[in-house]
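J.: The letter at position 273 of the sequence shown is residue 275 when you use the working numbering, and the numbering goes up by one with no holes. Every residue gets a Cβ at the ideal spot worked out from N, C-alpha and C, and that includes glycine. Shown below is the structure under consideration.
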Amino acid sequence: MPLDDTTGQPPGASLAEASLKPSMHGFGALLITLSCLSPSIGVFVVGSDVIRQAGTGVFLCFAAAALLGVAMAAVYGELAAAFPQPGGEYTILGKVLGPGWGIAVLGVNLLGLSVAQSLSGLGVATYLSAIVPGIPAVPTAVVLVVLVTGTALLNIRVNAWITGVFLAVEMAALIGLTWLGLAHPQRSLAAAVLHPVVLGSHSQLAPVTLAMAGAATAGGVYAFNGYGSVVFLGEELHEAPRRIARVVFLALGVAVLTELLPVLAVLVGAPDLHALLSASAPVPDFIAAVGGPWGVKLMSAGVALAIFNAMIAVGLMAGRQLYSTGRDRLWPAPISDAISRIHPRLGSPWVATLVMGAAALAGCFVDEKVLVLVLGNGNVALYAGLCVAVLIGRRSGATRHTGYRMPLFPLPPLLVLVALLAIVWFDLHDVEGAKGLAATAVLLVGAGAYYQLVARRSASWGFRGRKPGG
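Here it is in structure tokens:
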């Protein structure tokens, strides 16, 4: 069995040399976490998808997803406070459920984070095309990934300020969208929310069915995904066991407020419901109808900037995730030595960040459909694993040192598990959803095989970092 070195001292290094330094307070961590979550993407991208599925039921679907988010935030809060280390879910599941489970989700995370960068870079061109028609997607993505990787190499406090400035612009765009809808209401709040309708087979408005709402809510969950990403910053957060759960809940709270209000504004202010519900991109089309050409350009620039900002935050998380595996000596010695290096002046895991940036750069040249398939349903696996971990951690005492304990335990993780089963059921009845589940299963099995064949036989591999509760 691998050594579980809770002192955090790999051969020839002290804990101070091996660990990232606590250099950031809660506000900086909140800015980076919100940037990773990106409320604009939740409204413009996910919101448009949910409107196409559930029509004006989008608000209720988002509200239901937000309630599920509260339960999952409680799970993240308790586990992140117990293990505030850059390994994130890899470290949490590895220490609570066993090392094989940690490495299994590591495969999902490492590939998922790099693919998310590639997809985001390719997606920016879609929004910039409203300002610069014909802008090429791949060269744009390549330039953005290079810029993001360079930015992620900087000190974490500098990145907090950079993402904070971009986040302010993103919030301004969401406030503008809310104003566009509420300033010229076309229907009452009750009509927009309490009687959800969708475009029927004969272009007639029809009530939203429970099946439609269920499938759309499953998609809406991803609008708020990202509030738990602060776990990757735990080692750089002052007094993380005490503060990290607060950051998780604040990030979710801000996201809920800044996503529900714009979505409601679109429903209230849409001049023509038929046009909104039949549009291929409902939210951008609403802006074009109400705000005119300049409104489209401004909002498109805001969304492009929000995606770029999210790429920076994801780049920070990706580098720290890979760095943690090097510090744990998960790979052959030369590779582990390289990716566990911390820049002496910037304090960032610079080699690991460059490696993850290179992986994202390679992904820019892969077909988007393949990237989406590879991304699969990784979040479903991560959420399920964390819910099981918090249940077992309470029972076994593995999380007894946590700085936060959720109320109403064990209700929150059980509610999330039931919701995840529903999501899996909906995905199994959808061709693309089933492919995504299969891709995630392949990643889990492949990473698990690496544990059985390589890591398990290594005498040097073991979880390192801060002592529990430190």
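DSSP three-state call for Leu201: helix, strand or coil?
T.: In this structure, Leu201 counts as strand in the three-state DSSP scheme.
J.: Under three-state DSSP, which class holds Leu22?
T.: DSSP places Leu22 in coil when its eight states are reduced to three.
J.: Please report the distance separating the alpha-carbon of Gly337 from that of Ala118.
T.: Rather than Gly, the amino acid found at residue 337 in this sequence is Ile. Near 24 Å, if we compare the C-alpha coordinates of Ala118 and Ile337.
J.: Could you give the DSSP three-state label for Val393: helix, strand or coil?
T.: Correcting the residue type first, residue 393 is Leu in the shown sequence and not Val. Reduced to three states, the DSSP call for Leu393 is helix.
J.: Across which residues does DSSP place Ala303 in a beta bridge pair?
T.: Answer by DSSP bridge pairing: none, since Ala303 is not bridged.
J.: Let's see if you can read the secondary structure: which residues bound the beta strand (DSSP E) around Leu207?
T.: Looking at the DSSP string, the run of the beta strand (DSSP E) that includes Leu207 is Leu207 to Pro209.
J.: For Gln323, count neighbouring Cβ atoms within 10 angstroms of its own Cβ and tell me buried if that reaches 16, exposed if not.
T.: Gln323 comes out buried.
J.: Relative to the C-alpha of Leu81, which candidate in Ala67, Phe367 and Gly96 has its C-alpha closest?
T.: Closest option to Leu81, Cα to Cα, is Gly96.
J.: Would you kindly work out how many angstroms separate the C-alpha atoms of Pro88 and Leu363, rounded to a whole number?
T.: For Pro88 and Leu363, the distance between alpha carbons rounds to 23 Å.
J.: What is the residue span of the alpha helix (DSSP H) that Phe64 lies within?
T.: Segment Val60 to Ala84, the alpha helix (DSSP H) holding Phe64.
J.: Please list the segments of the alpha helix (DSSP H) lying wholly inside the stretch 384-456, counting only runs of 4 or more residues, in order along the chain.
T.: Taking only runs of at least 4 residues, the alpha helix (DSSP H) segments lying wholly in the stretch 384-456 are 413-430 and 433-455.
J.: Would you call Arg347 buried or exposed, if buried means 16 or more other Cβ atoms sit within 10 Å of its Cβ?
T.: Counting Cβ neighbours within 10 Å, Arg347 comes out exposed, since fewer than 16 surround it.
J.: Closest to Thr165 by C-alpha separation, out of Thr128, Ala391 and Met313, would be which residue?
T.: Out of Thr128, Ala391 and Met313, Met313 has the C-alpha closest to the C-alpha of Thr165.
J.: Can you give the beta carbon distance from Ile250 to Val232, rounded, assuming they're within the 8 Å contact cut?
T.: The question names Ile, yet the displayed sequence has Val at residue 250. At roughly 6 Å, the Cβ-Cβ gap stays under 8 Å, so Val250 and Val232 are in contact.
J.: Counting pairs of beta carbons, one from the stretch 219-233 and one from the stretch 39-55, are three or more of them closer than 8 Å?
T.: With the cut-off at 8 Å, the stretch 219-233 and the stretch 39-55 touch.
J.: Mind checking which residues open and close the alpha helix (DSSP H) that includes Arg245?
T.: Per DSSP, Arg245 belongs to the alpha helix (DSSP H) from Ala242 to Gly271.
J.: Do Gly438 and Asn473 have their beta-carbon atoms positioned less than 8 Å apart in this structure?
T.: The structure shown does not extend to residue 473, since the chain spans only 3 to 472, so no value can be given for it.
J.: Could you give the DSSP three-state label for Leu239: helix, strand or coil?
T.: Strand.
J.: Which first and last residues belong to the alpha helix (DSSP H) in which Pro135 is found?
T.: Careful: Pro135 lies outside any alpha helix (DSSP H) and carries neither H nor E.
J.: Can you name, in chain order, every residue of its own chain whose Cβ lies under 7 Å from the Cβ of Ala429, other than the five neighbours on each side?
T.: First, the amino acid is wrong: residue 429 is Asp here, not Ala. Only Asn379, Gly435, Ala436, Gly438 and Leu439 meet the Cβ criterion.
J.: Put Ala15 into one of helix, strand or coil per three-state DSSP.
T.: Legend: pLDDT at Ala15 = 44, less than 50; position of this residue unreliable, no value from coordinates given.
J.: In three-state DSSP terms, what is Cys38?
T.: Three-state result, Cys38: helix.
J.: Would you mind sorting Gln454 into buried or exposed? The rule is 16 or more other CB atoms within 10 Å of its CB.
T.: Classification of Gln454: exposed, given that the 10 Å Cβ count is below 16.
J.: Mind listing, in chain order, the continuous beta strand (DSSP E) runs of no fewer than 3 residues lying wholly within the stretch 281-326?
T.: Runs of the beta strand (DSSP E) inside the stretch 281-326: none found.
J.: 8 Å is my cut-off, CB to CB: does Ala443 come that close to chain D?
T.: The structure shown has no chain D; it contains just one protein chain.
J.: Determine whether the beta carbon atoms of Pro351 and Cys389 lie at a separation below 8 Å.
T.: No, these two residues do not count as a Cβ contact at 8 Å.
J.: With Leu375 and Ala441 assumed to form a contact (beta carbons below 8 Å), what rounded beta-carbon distance in angstroms separates them?
T.: Yes, Leu375 and Ala441 are in contact; Cβ-Cβ is about 5 Å, under 8 Å.
J.: How long is the line joining the alpha carbons of Arg244 and Phe168, rounded to whole angstroms?
T.: Looking at the two C-alpha atoms, the distance is approximately 28 Å.
J.: Going by DSSP in three states, Arg54 sits in which element: helix, strand or coil?
T.: Arg54: helix per DSSP, three-state reduction.
J.: According to DSSP, simplified to helix, strand and coil, what is His276?
T.: In this structure, His276 counts as helix in the three-state DSSP scheme.
J.: Taking buried to mean at least 16 other C-beta atoms within 10 Å of its own C-beta, is Ser326 buried or exposed?
T.: So Ser326 ends up on the buried side.
J.: Reducing DSSP to helix, strand and coil, say where Leu373 ends up.
T.: Looking at Leu373 - three-state DSSP - the assignment turns out to be helix.
J.: On a Cα-Cα basis, can you pick out the residue from Val456, Arg407, Gly236 and Leu184 that is closest to Met319?
T.: For the residues Val456, Arg407, Gly236 and Leu184, the minimum Cα distance to Met319 belongs to Gly236.
J.: Just verifying my parser: in three-state terms, what is the DSSP assignment at Arg159?
T.: Looking at Arg159 - three-state DSSP - the assignment turns out to be helix.
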